[in-house]
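Numbering of the sequence shown is given in full-length UniProt numbering, commencing with residue 1 and proceeding in unit increments.
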Amino acid sequence: MKTGDDIPAVSTDTKLLDALLVMSQKKLGMVLITDNSTLLGIFTDGDLRRVLEAHSDIQSLTIGDVMTANCKSISADKPAVVAVQIMDEFNLNSLPVVDNDNQVVGAINTHTLMQAKII
Numbered sequence: 001m002k003t004g005d006d007i008p009a010v011s012t013d014t015k016l017l018d019a020l021l022v023m024s025q026k027k028l029g030m031v032l033i034t035d036n037s038t039l040l041g042i043f044t045d046g047d048l049r050r051v052l053e054a055h056s057d058i059q060s061l062t063i064g065d066v067m068t069a070n071c072k073s074i075s076a077d078k079p080a081v082v083a084v085q086i087m088d089e090f091n092l093n094s095l096p097v098v099d100n101d102n103q104v105v106g107a108i109n110t111h112t113l114m115q116a117k118i119i
């Protein structure tokens with residue numbers, strides 16, 4: 001699981017292009033959208049394809065305009081196998097990890113699960 005500074009997080013008013021730069025710098029296919037560490041949504045490589053198909057001008061878009069709000073997440077106290085089940089059921093590559101107050105504590109992705117030999 002990636003935690004702390006390894007998890008790219010931006011606010012809803014961040015320009016889409018700036019969020020993409022953060023994703024690139026972190027070498028991850030997602031960025032979490034937070035407000036004071038509270039999870040608001042996620043933006044992934046898959047979302048980017050959807051945005052590029054729907055918008056001819058992405059310069060003015062904010063991440064709040066295009067994020068997936070109310071995204072799936074997993075509680076930090078759940079075992080990794082539950083993360084695999086959620087990711088499989090909803091065809092997800094990344095899953096935010098939150099505490100009981102919906103505060104982001106990390107994120108898990110298929111690559112991390114494969115490295116841990118969980119999938």
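From the three backbone atoms N, C-alpha and C, an ideal C-beta is built for every residue, glycine too.
Quick check: Ile-63 and Leu-16, are their CB atoms within less than 7 Å of each other? Start at 1 with the first residue of the sequence shown, and residue 63 comes out as number 63. Start at 1 with the first residue of the sequence shown, and residue 16 comes out as number 16. Contact flag set, yes.
Margin query: Would Thr-66 and Val-84 be called neighbours here (beta carbons separated by less than 7 Å)?
Written below: Translated into the one-based positions of the sequence shown, residue 66 becomes position 66. Translated into the one-based positions of the sequence shown, residue 84 becomes position 84. The sequence given here places Val at residue 66; Thr does not occur at that position. Not closer than 7 Å, so no.
query: Between which two residues does the alpha helix (DSSP H) carrying Gly-46 extend?
result: Residue mapping note: residue 46 aligns to position 46 of the sequence shown, counting from 1. Looking at the DSSP string, the run of the alpha helix (DSSP H) that includes Gly-46 is 45-54.
- Item | Rounded separation between Ser-11 and Thr-38 - CA only | Within the sequence shown, residue 11 is the residue found at index 11, counting from 1. Within the sequence shown, residue 38 is the residue found at index 38, counting from 1. Going from the Cα of Ser-11 to the Cα of Thr-38 covers about 10 Å.
* **Boundaries (first-last residue) of the alpha helix (DSSP H) holding Leu-16** => As a first step, residue 16 is located in the sequence shown; it is residue number 16 there, counting from the start. Segment 16-26, the alpha helix (DSSP H) holding Leu-16.
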